[in-house]
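Q: If you scroll down you'll find the structure; I have some questions about it.
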């Protein structure tokens, strides 16, 4: 293991109120095992992370809906308590964007990568990302930005159903709306209805060409770009199992070298002048074989510990080494190394450990057993509670009648879909709007339809007459197979 400067503590910041975020625990252990004093600014209620022996102190996070100024005030209080400059590690998108906006205001108490302007905000915004990809020649699914319900319907027909519907800035979605950051849209009417909820979502709706999932199609790439512009501490990985299936977080992943992805990532980060930790999600087009960038997350991915190499380097340790001006060692790749999230893939955790690359479990660790034990205790209470909340939504609220009809019209298949959807929601953050996201500004000129590089707005022709706008939506199992990030 590299020798980190243990005189410099680390502060992990997580605004999203998700008690089962295993990436936060991974960062605590990675730095704590290296002898670094670790402070965590996150909601600790019902979270196994607080049980880790590597946590020096938990600090209350900014309350839901906090402004950037409120978040800065919390970080200043933590800095005063820590009493010396610390490496600041944002663990979710809202935190990364808030820190990016504060920039120099945090310089006295924290060490941060020198990121150009508001680059983190650009790449995290799904509308901006399409333009970024077009500008540097990185494949990205065709993305349309409707400006009216009629344009939303026309875009769905133009792209070819089903299509992916995404909110440009998903961290702005308030809690309790029932809106998801990404959904599969199977009819023009669904696209229209979703567009009408744009004010509620807080950011524009995007409609995106659908890339079907399948074996060997879902990939990710993690890394840390240091002061010199060189990438350290990561690599390419392939999803073997996700939750929800075909669409969600990596439940089982494996380190799988991929020179084509490496070339794409280097082209992208170099062109942008990106500095810091990143987590990129790709899907391979089964027809063309090209890798399309779906998401650019300007912070550690939850499964970043997959890429701890033979020298003990990962992206969080690389960040600490670089910001404390310690030398970054040459990589020692461990292709075949596996990562398993036990609460989403319990059978994967029971399989024999792959040799010689090894395997890491998200929660259980021999040198830090308490979080793993706490996770199962808390998880068995969390799952029934989420199922109960889902059942309550089916039986009440303005959409209850329609939702209930959808669940029962298909008999056993409809009921199975409703239960599956409820189980899927277990994977989502618990409650509370995400604080600290950027102001919900317009991402393109208003008025006449205006196209941006990489995105296209849509004229409003009448949709083709042939299938009905309210064609059958299919089962949720189909949605799971169809979903992309």
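Numbering (my numbering), first residue to last: 532 to 1016.
Glycine is no exception: its CB is placed at the ideal position from the N, C-alpha and C atoms.
Values in this document were obtained by computation on a predicted structure and should not be read as measured data.
(1) Report, in whole angstroms, the separation of the C-beta atoms of residue 577 and residue 909, which I expect to be a contact under 8 Å.
(2) So the beta strand (DSSP E) residue 767 belongs to, where does it begin and stop?
(3) Under DSSP, the alpha helix (DSSP H) around residue 556 begins and ends at which residues?
(4) Between the Cα of residue 802 and those of 663, 593 and 656, spot the shortest distance and give me the residue it belongs to.
(5) Taking 8 Å as the cut-off, does the region 749-757 touch the region 818-832 (at least 3 CB pairs, one atom from each stretch)?
(6) Pick from 792, 744, 737 and 534: whose alpha carbon is nearest that of residue 775?
(7) Return the residue from the list 644, 653, 648 and 903 that minimises the CA-CA distance to residue 624.
(8) Entirely within the region 652-714 and at least 3 residues each: give me those beta strand (DSSP E) ranges in chain order.
(9) Can you confirm whether the region 625-638 touches the region 667-683 when touching is taken to mean that 3 or more C-beta pairs between the two stretches lie within less than 8 Å?
(10) Rounding to the nearest angstrom, what Cα-Cα distance links residue 827 and residue 853 in this structure?
(11) Roughly how far, in whole angstroms, is the beta-carbon of residue 805 from the beta-carbon of residue 650, given that I think they are within contact range, below 8 Å?
(12) Mind listing, in chain order, the continuous alpha helix (DSSP H) runs of no fewer than 4 residues lying wholly within the region 726-758?
(13) Output needed for residue 789: all residues of its chain with C-beta closer than 7 Å, excluding positions within five of it in sequence on either side, in chain order.
(14) By DSSP's criteria, residue 807 is part of a beta bridge. Which residues make up the other side?
(15) Run through DSSP, which three-state label would residue 838 get?
(16) Just the Cα atoms here: how many angstroms apart are residue 726 and residue 698?
(17) Can the beta-carbon of residue 733 be found closer than 8 Å to that of residue 700?
(18) So the alpha helix (DSSP H) residue 855 belongs to, where does it begin and stop?
(19) Flag this pair as touching only if the region 834-849 and the region 868-875 have three or more C-beta atom pairs under 8 Å; answer yes or no.
(20) Let's see if you can read the secondary structure: which residues bound the beta strand (DSSP E) around residue 609?
(21) Straight-line CA distance for residue 757 to residue 831?
(22) Which one of 844, 579 and 741 has the shortest CA to CA distance from residue 687?
A: Checking against the coordinates, here is how it stands:
(1) Here residue 577 refers to the residue found at position 46 of the chain shown. Here residue 909 refers to the residue found at position 378 of the chain shown. A Cβ-Cβ distance of about 6 Å is found for the pair residue 577 and residue 909, placing them in contact under the 8 Å criterion.
(2) Taking the first residue of the chain shown as position 1, residue 767 is located at position 236. Under the DSSP assignment, residue 767 falls in the beta strand (DSSP E) whose first and last residues are 762-774.
(3) Indexing the chain shown from 1 puts residue 556 at position 25. Counting along the chain, the alpha helix (DSSP H) containing residue 556 begins and ends at 553-564.
(4) What you label residue 802 is simply residue 271 of the chain shown in a count that begins at 1. Residue 802 has its Cα closest to that of 663, out of 663, 593 and 656.
(5) Yes, the region 818-832 is in contact with the region 749-757.
(6) Within the chain shown, the letter at position 244 stands for residue 775. Minimum Cα distance to residue 775 is reached at 744.
(7) Translated into the one-based positions of the chain shown, residue 624 becomes position 93. It is 653 whose Cα lies nearest to the Cα of residue 624.
(8) Every beta strand (DSSP E) stretch that sits fully inside the region 652-714 and reaches 3 residues is listed by chain position as 694-698.
(9) Segments in contact, no.
(10) Taking the first residue of the chain shown as position 1, residue 827 is located at position 296. Taking the first residue of the chain shown as position 1, residue 853 is located at position 322. Going from the Cα of residue 827 to the Cα of residue 853 covers about 22 Å.
(11) Position 274 of the chain shown, counted from the start, is the residue given in the question as residue 805. Position 119 of the chain shown, counted from the start, is the residue given in the question as residue 650. Right, the Cβ-Cβ distance comes to about 6 Å (below 8 Å), so this counts as a contact.
(12) Contiguous alpha helix (DSSP H) elements confined to the region 726-758 occur at 729-732, taking only those with 4 or more residues.
(13) Start at 1 with the first residue of the chain shown, and residue 789 comes out as number 258. Close CB contacts of residue 789 within its chain, under the 7 Å cut and outside five residues either way in sequence, are with 750 and 767 (chain order).
(14) Counted from its first residue, the chain shown places residue 807 at position 276. Paired residues: 756.
(15) Here residue 838 refers to the residue found at position 307 of the chain shown. Collapsing the DSSP output to three states places residue 838 in a helix.
(16) In the chain shown, counting from the first residue as 1, residue 726 sits at position 195. In the chain shown, counting from the first residue as 1, residue 698 sits at position 167. C-alpha separation (whole angstroms): 10 Å.
(17) Taking the first residue of the chain shown as position 1, residue 733 is located at position 202. Taking the first residue of the chain shown as position 1, residue 700 is located at position 169. It is a contact, given that the beta carbons lie within the stated cut-off.
(18) Here residue 855 is taken as the residue at index 324 of the chain shown, counted from 1. It is not in any alpha helix (DSSP H) - residue 855 carries neither H nor E in the DSSP assignment.
(19) Counting C-beta pairs with one atom in each stretch, the region 834-849 and the region 868-875 have three or more that are closer than 8 Å, which means they touch.
(20) As a first step, residue 609 must be located in the chain shown, where it is residue number 78. From DSSP, residue 609 is part of no beta strand (DSSP E) but of the alpha helix (DSSP H) over 599-613.
(21) As a first step, residue 757 must be located in the chain shown, where it is residue number 226. As a first step, residue 831 must be located in the chain shown, where it is residue number 300. Cα atoms of residue 757 and residue 831: separation of roughly 14 Å, rounded to the nearest angstrom.
(22) The sequence position of residue 687 within the chain shown is 156, counting from 1. Its Cα nearest to that of residue 687, the residue 741 stands out among 844, 579 and 741.
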